[in-house]
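Asks: Note that the working numbering has the sequence shown beginning at 58, numbered continuously upward. Beta carbons are placed, not taken as given, at the ideal position from N, Cα and C, and that holds for glycine. Being a predicted model, the structure only gives us computed values, none of them experimental. For reference, the structure I am asking about is given below.
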Amino acid sequence: YTTLFRSTPKWIKLGVTTGEVEELVWSEDGDILYVGTDGGNLYRFSNLSAVVDSANGDMASSHSVVVKTQIAGFGGFITGLSVHPTDANKLAVSIGGYGSSVATHVYYSTTAATCASSTSTTNFSGKQGTGVNKLPSMPIYSVLIEQNDPKRLIIGTETGVFSTTDITASNPAWSVENGAGTNGL
Numbered sequence: 058y059t060t061l062f063r064s065t066p067k068w069i070k071l072g073v074t075t076g077e078v079e080e081l082v083w084s085e086d087g088d089i090l091y092v093g094t095d096g097g098n099l100y101r102f103s104n105l106s107a108v109v110d111s112a113n114g115d116m117a118s119s120h121s122v123v124v125k126t127q128i129a130g131f132g133g134f135i136t137g138l139s140v141h142p143t144d145a146n147k148l149a150v151s152i153g154g155y156g157s158s159v160a161t162h163v164y165y166s167t168t169a170a171t172c173a174s175s176t177s178t179t180n181f182s183g184k185q186g187t188g189v190n191k192l193p194s195m196p197i198y199s200v201l202i203e204q205n206d207p208k209r210l211i212i213g214t215e216t217g218v219f220s221t222t223d224i225t226a227s228n229p230a231w232s233v234e235n236g237a238g239t240n241g242l
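So this is what it looks like as structure tokens:
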């Protein structure tokens with residue numbers, strides 16, 4: 058599939074991705090666009106702030122300044138992307154799906170804007186948690202790095218909303234956020 062974005066007055070062709078584009082998120086400075094697909098591939102399109110016209114923005118052009126890099130392959134449908142409000146290296150990813158083929162449904166990277174190409178999860182850490190405060194094995198449908206507290210991650214699932222106060226922890230503790238009387242998993 059071809060990823061396009063609007064640059065007045067024309068559409069600019071960024072490049073081809075493997076799988077249908079499902080999720081898009083921009084870095085705060087507009088220089089990076091992260092693109093997630095239904096096949097679990099995650100792409101980084103960078104140097105977008107240097108695009109001034111269709112000649113240097115079209116990746117099919119020899120004058121293109123845009124750099125496309127696949128930075129992960131999760132093996133499951135990417136359902137959500139959230140980038141840190143001031144640091145494009147920090148990116149959270151949610152994955153859908155059931156069964157043993159998708160054991161981890163939340164990933165986090167501290168190097169997404171600068172990491173090397175990868176078709177696996179080497180640039181990301183699984184953030185499912187452990188013990189009594191881990192996430193149940195279920196699809197995650199949305200993910201949000203909280204703007205006023207970027208260590209806090211909020212996710213949406215089929216059973217409600219969960220959050221962790223420190224997504225940077227090796228094994229974050231998750232809690233249910235469905236209202237009064239729902240303390241714990």
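1) Going by C-alpha to C-alpha distance, which of SER177, ASP223, SER166, SER182 sits closest to ASN190?
2) Starting from the Cα of GLY132, find the closest Cα among LEU148, LEU99, ASN104 and give me that residue.
3) Is PRO229 buried or exposed, if buried means 16 or more other CB atoms sit within 10 Å of its CB?
4) Under a three-way DSSP split, which group does ALA149 fall into?
5) If you drop the 5 nearest sequence neighbours on each side, which residues of the same chain put their C-beta closer than 8 Å to that of VAL218?
6) Distance, Cα to Cα, THR65 vs HIS141?
7) Identify whether SER103 lies in helix, strand or coil by the three-state DSSP scheme.
8) Alpha carbon to alpha carbon, how far is SER119 from ALA149? Give it in angstroms, no decimals.
9) Judging by CA-CA distance, which residue of TYR198, GLY153, GLY76, VAL123 is the nearest neighbour of ASP88?
10) Quick check on SER111: does DSSP put it in helix, strand or coil?
11) For VAL82, count neighbouring C-beta atoms within 10 Å of its own C-beta (all shown protein chains included) and say buried if the count is 16 or more, exposed if not.
12) Compute the Euclidean distance between the alpha carbons of GLU79 and GLY188, then round it to the nearest angstrom.
13) How is VAL189 classed by DSSP in three states: helix, strand or coil?
Replies: Judging by the given coordinates:
1) When only C-alpha atoms are compared, the closest one is ASP223.
2) Of LEU148, LEU99, ASN104, the smallest CA-CA separation from GLY132 is found for LEU99.
3) Result: buried.
4) If DSSP states are grouped into helix, strand and coil, ALA149 belongs with the strands.
5) Take VAL218, set aside five residues on each side of it, and the residues of its chain with a beta-carbon closer than 8 Å to its own are ILE211, ILE212, VAL233, GLU234, ASN235, in chain order.
6) Reliability fails at THR65, whose pLDDT of 45 lies under 50, so the model's placement of it is uncertain and the value that follows must be treated cautiously. Distance between the alpha carbons of THR65 and HIS141: 27 Å.
7) Residue state, collapsed to three classes: strand.
8) C-alpha separation (whole angstroms): 33 Å.
9) That would be VAL123, whose Cα lies nearest to the Cα of ASP88.
10) Helix, per DSSP.
11) So VAL82 ends up on the buried side.
12) Those two C-alpha atoms are separated by around 32 Å.
13) In the structure shown, VAL189 adopts helical secondary structure according to DSSP, grouped into three states.
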